[in-house]
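Everything below concerns the one structure shown next.
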Amino acid sequence: MPATRADLLARLESLGLATETVDHPPVFTVEEAKAHRGDLSGAHIKNLFLKDKKGGLWLVVCMEDRRVDMNALSKRLGAPRFSFGKPDLLMEVLGVEPGSVTPFAVINDGDARVTLVLDEELLRHDPVNCHPLVNTATTRIGPDALLRFCRDTGHEPVISVIDERAG
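Counting the sequence shown from 1 gives a position; the working numbering is that position plus 20.
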């Protein structure tokens with residue numbers, strides 16, 4: 021069984037990581053998240069679950085306003101061409117459904133099948149706002165605490181520049 025929101029929050033607490041979780045209506049897109057977040061400060065993110073043409077799995081976490089050129093990103097990361105991972109694979113590997121993808125989902129990837137990629141800019145913001153495995157809440161965590169959590173799950177994040185701001 022994949023970890024639940026309660027399991028995740030307990031794990032964060034057991035690591036001594038300060039977080040704050042705010043409930044809100046379900047959100048499936050960046051636009052919906054913007055409409056419901058009110059005045060939550062910090063980095064707001066989007067998450068891309070990708071599969072490369074050789075079967076490698078990637079979770080790319082970037083600032084919400086990034087326009088991601090997947091060809092350029094695959095070249096930057098030294099990966100074969102990317103496509104989006106299918107929902108059943110997302111559930112199998114990260115234990116979340118589309119709309120709930122989050123860097124916290126690596127808690128469910130005990131075999132470390134996914135390479136986690138974090139946009140270097142998001143680590144300059146405090147806090148970073150992430151779904152706690154469900155899209156009905158946002159958990160605020162400091163960038164160093166997020167890195168510590170990811171490493172504790174066996175995922176050493178790749179820190180990279182993720183394309184240009186949309187606009």
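Virtual Cβ for every residue (Gly too), placed ideally from N, Cα, C.
Contiguous beta strand (DSSP E) elements confined to the region 48 to 81 occur at 63 to 72, taking only those with 3 or more residues. CA-CA distance, Glu176 to Thr158, rounds to 23 Å.
Along the region 145 to 176, the alpha helix (DSSP H) occurs as fully enclosed runs of 4 or more residues at 163 to 172, listed in sequence order. CA-to-CA, the gap between Asp131 and Leu93 works out to about 24 Å. Under the three-state reduction of DSSP output, Met90 falls in the helix class. Taking C-beta atoms as the reference points, Ala63 and Pro147 count as a pair closer than 9 Å. A Cβ-Cβ separation of about 6 Å places Cys170 in contact with Pro123 under the 8 Å criterion.
Contact check between the region 61 to 78 and the region 137 to 154: three or more CB pairs, one atom from each, fall below 8 Å, which counts as touching.
Comparing alpha carbon positions, the residue from Leu77, Gly36, Ala53 closest to Asp43 is Ala53. Three or more Cβ pairs closer than 8 Å define a contact, and the region 98 to 107 meets that threshold against the region 65 to 85.
Here the alpha carbons of Arg87 and Val50 stand approximately 12 Å from one another. Where Glu112 is concerned, the enclosing alpha helix (DSSP H) starts and stops at 107 to 114. With respect to Val154, Val116 sits close: the two C-beta atoms are nearer than 9 Å.
If you draw a straight line from the Cα of His151 to the Cα of Thr39, it is about 12 Å long.
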